[in-house]
């Protein structure tokens, strides 16, 4: 089944607009529904001889779990289906890397040099902690 939980998406992300993207070929319609029995549905007709991408905006008022159905009028080939967003939401995220080590000074130095390159890209979002388990790191 292809369920998408709209409420979880809204709760844990800052993204406002989501879409259903389906790449297919053939004749028929895509139906976007919620699990609620009497809820409205969205029908989108398609007719194509080669791969075509169909994009359906998920209305703001949709909540709960949604899914799509494909009703074929002739042979239909489904290549890809995904729930996506075109937005890039700004959200403050920090990443902490904790490195536990014991008598591996040379390997640790190499790793820290590589992490320094990553830290230049991520700036203040990356923190690195080294736990020296009783060795004599300098």
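In this note's numbering, the protein residues as written are 288 to 425.
Just so it is clear, CB atoms sit at the ideal spot from N, CA and C, and this is done for glycine as well.
1) For a test of the three-state rule: what should DSSP assign to residue 292, helix, strand or coil?
2) Check this for me: beta carbons of residue 403 and residue 303, under 8 Å apart or not?
3) Looking only at DSSP bridge pairs, what is residue 367 linked to?
4) Are there 16 or more other CB atoms within 10 angstroms of the CB of residue 305, so buried, or fewer, so exposed?
5) Could you tell me the alpha carbon to alpha carbon distance between residue 364 and residue 311, rounded to whole angstroms?
6) Is the separation between the beta-carbon of residue 340 and that of residue 308 shorter than 8 Å?
7) Just reading off the alpha helix (DSSP H) that residue 405 is part of, what are its end residues?
8) Compare the beta carbon distance of residue 366 and residue 338 with 8 Å and say whether it is the shorter of the two.
9) Does the beta-carbon of residue 319 have 16 or more other beta-carbons within 10 angstroms, so that it is buried, or is it exposed?
10) When the distance is taken between beta carbons, is residue 358 closer than 8 Å to residue 315?
11) Roughly how many angstroms lie between the CA atoms of residue 405 and residue 369, to the nearest whole one?
According to the structure shown:
1) It is a strand residue.
2) No, the Cβ-Cβ distance between residue 403 and residue 303 is not below 8 Å.
3) For residue 367, the pairing in a beta bridge is given by DSSP as 310.
4) buried
5) 5 Å
6) Going by C-beta atoms, residue 340 is nearer than 8 Å to residue 308.
7) DSSP places residue 405 in the uninterrupted alpha helix (DSSP H) bounded by 392-409.
8) yes
9) buried
10) yes
11) Going by the C-alpha atoms only, they are around 30 Å apart.
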